[in-house]
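Colleague: Before I ask anything, here is the structure I am working with.
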Amino acid sequence: MIQIFTTGGTIEGLDYTDDGGITSSDVGIMDFLDKANIDFEYTIEGVFKKDSRAITENDRKLLVEKIKATNTNKILVTHGTYTMEDTAKYIGNRSLNKTIILVGAFILGTSKDTDAPFNLGYAICALQFLKPDVYIAMNGKLFHWSDVTKNLDTNKFESNE
């Protein structure tokens, strides 16, 4: 069983404008999973729906509470990419002894060229094989929570080394 927690972000097709407005969409993580004809048990719970730049410490505390409360040890968190590494570090520092992967998208989930389905599938596959810890899965790469940064020049995640 995989527990999926959603927090908003581009992967969910939410387009955030500079004036703080949100253009919402009808796309959801379940839409991607249904189209992929997956065959494993999962549950999806929305924790909040925010641009990751607006995520607060209280939001991260709530997310950790949800992770602790779930009976499963395989957790997928959909998250905006702007502060994904911050949330991964926040969770990683709590030593929860569960396998937790944060995943997002650089291209809007409602776009026909979105990277969302690939990233989601990659993260779900990795989640089934990794040992308990916290990771980021983006664009075919895995990063440990303690060794990841988002390069704003290339708009990619990379190792700190």
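Heads up: take any position in the sequence shown, counting from 1, add 736, and you land on this note's numbering. For each residue, glycine too, the CB sits at the ideal point set by N, CA and C. Nothing here was measured: the structure is a model prediction, and the numbers come from that model.
(1) Using beta-carbon positions only, say whether PHE893 and LYS877 come within less than 8 Å of one another.
(2) Can you tell me whether DSSP reads ALA873 as helix, strand or coil?
(3) Please report the residue range of the beta strand (DSSP E) in which PHE741 lies.
(4) Can you list, in chain order, the residues of its chain whose CB lies under 7 Å from that of ASP849, leaving out five sequence neighbours each side?
(5) Thinking C-beta only, is VAL783 closer than 8 Å to LYS802?
(6) Can you find the residues in the same chain that come closer than 8 Å, C-beta to C-beta, to LYS867, ignoring five residues on each side of it along the sequence?
(7) Judging by CA-CA distance, which residue of HIS880, THR746, ASN887 is the nearest neighbour of ASP787?
(8) Which residue from LEU888, PHE879, ASN891, THR890 puts its Cα closest to that of GLU897?
(9) I need the straight-line Cα distance from TYR818 to ASP775, nearest angstrom please.
(10) Can you round the beta-carbon distance between ASN875 and ASP851 to whole angstroms, since I take them to be within the 8 Å contact cut?
(11) Pop quiz: LEU838 and HIS815 are said to be a contact at Cβ under 8 Å. What is the actual Cβ separation, rounded to whole angstroms?
(12) With distances taken Cα to Cα, identify the nearest neighbour of GLU881 among LEU863, TYR871, THR779, CYS861.
(13) With C-beta atoms as the reference, is LEU863 less than 8 Å away from LEU832?
(14) Identify the continuous beta strand (DSSP E) that holds THR808 and give its terminal residues.
(15) So what does HIS880 bridge to, in DSSP terms?
(16) To the nearest angstrom, how far is the alpha carbon of ASN809 from that of PRO853?
Modeller: Looking at the atomic coordinates:
(1) yes
(2) strand
(3) 738-742
(4) ILE843
(5) yes
(6) THR835
(7) THR746
(8) PHE879
(9) 31 Å
(10) 6 Å
(11) 5 Å
(12) Correcting the residue type first, residue 881 is Trp in the shown sequence and not Glu. When each option's Cα is compared against that of TRP881, the closest is TYR871.
(13) no
(14) Element bounds for THR808: n/a, residue is neither H nor E.
(15) TYR871
(16) 23 Å
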